[in-house]
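If you read the sequence shown in the numbering used here, its first letter stands for residue 733, the second for the next number, and so on. Note that the Cβ used here is the ideal one computed from N, Cα and C, for glycine as well. Just so it is clear, the structure is predicted and the values come from calculations on it, not from any experiment. Working notes, structure below.
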Amino acid sequence: MRVLLHVLFEHAAGYALFAVKEVEDIGMLLPQVEQSVLNLGKFSSVIKLSAFFPFKSAQGALENINAVSEGVVHADLKLFLETNLPSGGKKKAVLGVSDAKIGATLQEELNLSIQTGGVVAEIIRGVRLHFHSLVKGLTSQAASKAQLGLGHSYSRAKVKFNVNRVDNMIIQSIALLDQLDKDINTFSMRVREWYGYHFPELMKIVNDNSTYCKLAKMIGNRKELTEEMLEAIEEITMDSGKAQAILDSSRSSMGMDISPIDLINIESFSSRVVSLTSYRQELQAYLQSKMSQVAPNLAALIGEVVGARLISHAGSLTNLAKYPASTVQILGAEKALFRALKTRGNTPKYGLIFHSTFIGRAAAKNKGRISRYLANKCTIASRIDCFSEVPTSVFGDKLRDQVEERLAFYETGEAPRKNLDVMKEAVIQASEVAAEIKRKLEKKEKKKKKREKRKLEALSTAEGDDEEPKKANGEAEVLGLITEVSRTGKFFFSISYMKKKKKQAAEEEPEDEDVLTNGVDEATPAKKKKKRKIDAVEAEPEEADVTRAEKNKKNKKKKKKKAEDE
C-alpha cells in the first residue's frame, strides 16, 4: 500500500520534518533495503527535508526535549507541524514518530494519522545517521556539540532535587549497614577463636561479640588479671556477677600460654573490631536521621531499617510509591514467588516486611492477613512521603495506630476505627505541623537576611574607615621622604620618585572632569595643591644640596688649619 508519509525527527539542534517518497512497507523491510539505509546516496533518494525548525537557545531546546520525554506537545512543535504538514487533499498525510507516547498526544491534539514502528523506525534510523548531511549548514561537529550540550543540561535538570531528601544516601547506608553486620560477625568469631586458645572460659561467660572484643583488648594476658581490674570489667559487662566469674576463671583457666607478640596482634585486631562496632552505631544513627528527613511516615510505621530496605530493594522512594500493595507485600521474596508459580505451590505471604514487629506479634493463622494490611499501609505512607512538600510523621503515626488496632481486632475482636475518621484527624494535624514548620523556616530565612545585611553594612563602614587612613598614610610617606632627603642629602631617588608621581598625576588629569572656559583649561583646586606639593618637594632637595656644599667647605678649612698647626 502506497501512502503519503512524513517523518518527524527530534534533534538537539531542532525539529526536522522529512517527506518520504512513495515506498512500499513490505519492500522497506527487506534486508537489502535495510542495508541501503547506510548509504547516503540511496537514502537521500527515498526522503527529502520538508522543513527544519532550529531551537533559539539551549533553554528552549531543554524545554522542548522535556516536553517530548513526558509525552506533552510543546507550543513550538505544535506550530511547526501546523505550519509545515500538508492539509487537505484526497490523501490524508500520515506522520511517523519514534515514540508512541508523543504520537498518541499528537493524534489527540492535532487530529493526525500517526504511525510508529516498522518503516518509520528504519527511516528514523537512517535520518539519525545522516542528519548533519541532510540539513544544509549543519556540520557533524556542530550536531555532536548540540547533542552533548543538551544531554548535559537534560541530565542536570533530571538530577535536580532537594539535598535533604535524597534517597540514594539511604540506599548506600543500608547496604553498608548490612555489610558491616556480616563483617563484624566474621571478625568477632575470628577474635573468639584466636583469643580462645589463651582464655577459652571467657567464650562461655560472654555471649555478645562486641563485649568479648572489648574484654579481650582490656585483659590481654589472663595471668596479669587482678582484683584491681574488676571495676573496669564490670563497666564493660554491666554485670558484677559476670565480672567476678571472669576473674575466678582466669585463675584456673585451661588455656595455653601466649607470647607477647601474639598478644599484641590479638589486641590490635580486637581494637579494630571495637572501632567497627562503634562506627556501625554511628551509621545507624545517621540512617535514622536520613529516614526522618526523606521518609518520615514510612519510618514511623514500619521502622527505619525495614523502611530503608524496602526503598533500597525498590531502587528509590519514587519506585516504591509506584508499586501496588500486593508487590510491596512480597518485595524481597521474588525467588520463592517464582518457584511457587513454577511448581504450582503456595505463594509467599510476606517478603522484607516480615522483619517488622507486627508480623512477629501476630498469631500464625493471622500472619498473612496482617502482612497484607501492613503492605497496604506501607504503600500509602511511601506515597505520602514521596509527593508531600513538607515531610511530617503524622500520617505514619496514625497508620501505625491503625495496624495496632487491627492486631487487637484479630486477637480480641475489638472493632477498629474507620479509616475515614483516622485520615481526617491526620489531615488536620498534618496541616498544623506543616504550618508550624513553614513558620520556622520563614523565621530562619529572615534571620539569615538580617545577618547578611549586617555583614554588608559592616563591610561598607570598614571600607569607608580604611580610605581615610590610606590618605593619611600617603601624606605621611611624602613628609617622610622630605625629611629623609634633608637628613641624608640623597635626593636623586626622591626627585625621580616625585617625577613619576607627577607623570601619573598628569596622566590621570584627562580622566577627571575638565572644565573649559572660553577655550582655556582651568585646573581644579586639588590639582593646584598637588603641583604646590611637588614644587615644595623639589625645592627642598636643592636647599639640602646648598647646605651640604657649605659643610664641605668648612671641613676643608678645618683640615688646613690642623695641617698648619702640625
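Problem - Residues near F785 in its chain [Cβ-Cβ closer than 6 Å; skip 5 each side] - result: G746, Y747, F812
Practice task
Mind checking which residues open and close the alpha helix (DSSP H) that includes K774?
Solution key: 772 to 776
Handout entry: Rounded straight-line distance, which links the Cα of G881 to that of Q847
Key = Cα-Cα distance, rounded: 30 Å.
Problem - Residue range of the unbroken beta strand (DSSP E) whose run includes G746 - result: 746 to 752
Practice task
Would you check if the distance between the CB atom of T1124 and the CB atom of A1162 is smaller than 7 Å?
Solution key: yes
Problem - 7 Å CB neighbourhood of A878 in its chain, flanking five on each side removed - result: A744, A745
Exercise for the section: Since I believe I978 is in contact with N941 (beta carbons under 8 Å), could you give me their beta-carbon distance rounded to a whole number of angstroms? Expected result: Not confirmed; about 16 Å, so no contact.
Exercise for the section: For the alpha helix (DSSP H) containing H864, list its first residue and its last residue. Expected result: 851 to 866
Exercise for the section: Return helix, strand or coil for P992, following the three-state DSSP convention. Expected result: helix
Exercise for the section: For A1107, count neighbouring Cβ atoms within 10 angstroms of its own Cβ and tell me buried if that reaches 16, exposed if not. Expected result: buried
Handout entry: Pick from T1009, A799, G828, A1031 that is closest to D1129, judged by C-alpha positions
Key = Minimum Cα distance to D1129 is reached at A1031.
Problem - For V800 and Q767, the rounded distance between their alpha carbons - result: Their Cα atoms are separated by approximately 29 Å.
Exercise for the section: Would you mind stating whether Q1134 and R1104 have Cβ atoms separated by less than 7 Å? Expected result: no
Handout entry: Helix, strand or coil at V1126 [DSSP, three-state]
Key = helix
Problem - Boundaries (first-last residue) of the alpha helix (DSSP H) holding E802 - result: No alpha helix (DSSP H) contains E802, which DSSP labels as neither H nor E.
Problem - Closest residue to I902 among S1021, I998, R983 (Cα-Cα distance) - result: Out of S1021, I998, R983, S1021 has the C-alpha closest to the C-alpha of I902.
Exercise for the section: Determine the direct distance from the alpha carbon of I855 to that of L740, and round the result to whole angstroms. Expected result: 10 Å
Exercise for the section: In the DSSP assignment, find the unbroken alpha helix (DSSP H) run with P1114 in it and report its ends. Expected result: Pro is not the amino acid found at residue 1114; the sequence shown has Ser there. Its alpha helix (DSSP H) spans residues 1099 to 1119.
Practice task
Compare the Cα-Cα distances from H1087 to each of S1044, G1039, K1067, F1070 and report the closest residue.
Solution key: G1039
Exercise for the section: With a 10 Å radius around its C-beta and 16 neighbouring C-beta atoms as the bar for buried, classify A1122 as buried or exposed. Expected result: The identity of residue 1122 in the sequence shown is Val, whereas the question assumes Ala. Result: exposed.
Exercise for the section: Quick one: grab the DSSP three-state call for G828. Expected result: When DSSP states are grouped into helix, strand and coil, G828 belongs to the strand group.
Problem - Under the three-state DSSP convention, the category L781 falls into - result: strand
Practice task
Could you please give the first and the last residue of the uninterrupted beta strand (DSSP E) stretch that includes E723?
Solution key: Missing from the structure shown is residue 723; the chain here goes from 733 to 1298 and no further.
Exercise for the section: Figure out for me which residue from W926, N816, I1043 has the closest Cα to the Cα of A751. Expected result: N816
Problem - Where I1169 sits in the DSSP three-state scheme - result: helix
Handout entry: Chain-order list of residues whose beta-carbon lies under 7 Å from that of R1041 (same chain, five-residue window excluded)
Key = I906, L1084
Handout entry: Beta-carbon proximity of A825 to H738, cut-off 7 Å
Key = yes
Problem - Rounded straight-line distance, which links the Cα of V1005 to that of F919 - result: 7 Å
Practice task
Identify, in the order they occur along the chain, each residue of the same chain with its Cβ nearer than 7 Å to the Cβ of E966, setting aside the five sequence neighbours on each side.
Solution key: Counting only residues of its own chain and dropping the five nearest sequence neighbours on each side, E966 has a CB closer than 7 Å to the CB of S972, A975.
Exercise for the section: May I ask which residues mark the beginning and end of the beta strand (DSSP E) holding S845? Expected result: Unbroken beta strand (DSSP E) run through S845: 845 to 847.
Practice task
Classify P1028 as helix, strand or coil using the three-state DSSP reduction.
Solution key: For P1028, the secondary structure class from DSSP, reduced to helix, strand or coil, is helix.
Problem - Burial state of P1056 (16 or more Cβ within 10 Å) - result: exposed
Problem - Opposing strand residues paired with P786 [DSSP bridges] - result: Bridge pairing for P786: G746 [DSSP].
Problem - Contacting residues, own chain, Cβ-Cβ under 7 Å from E1137 (five flanking each side not counted) - result: P1148, R1149
Practice task
Can you give me the Cβ contacts of R1115 inside the same chain, cut-off strictly under 6 Å, excluding the 5 residues immediately before and after it?
Solution key: Same-chain partners within the cutoff: A1053.
Problem - C-beta atoms of L781 and L866 nearer than 7 Å - result: yes
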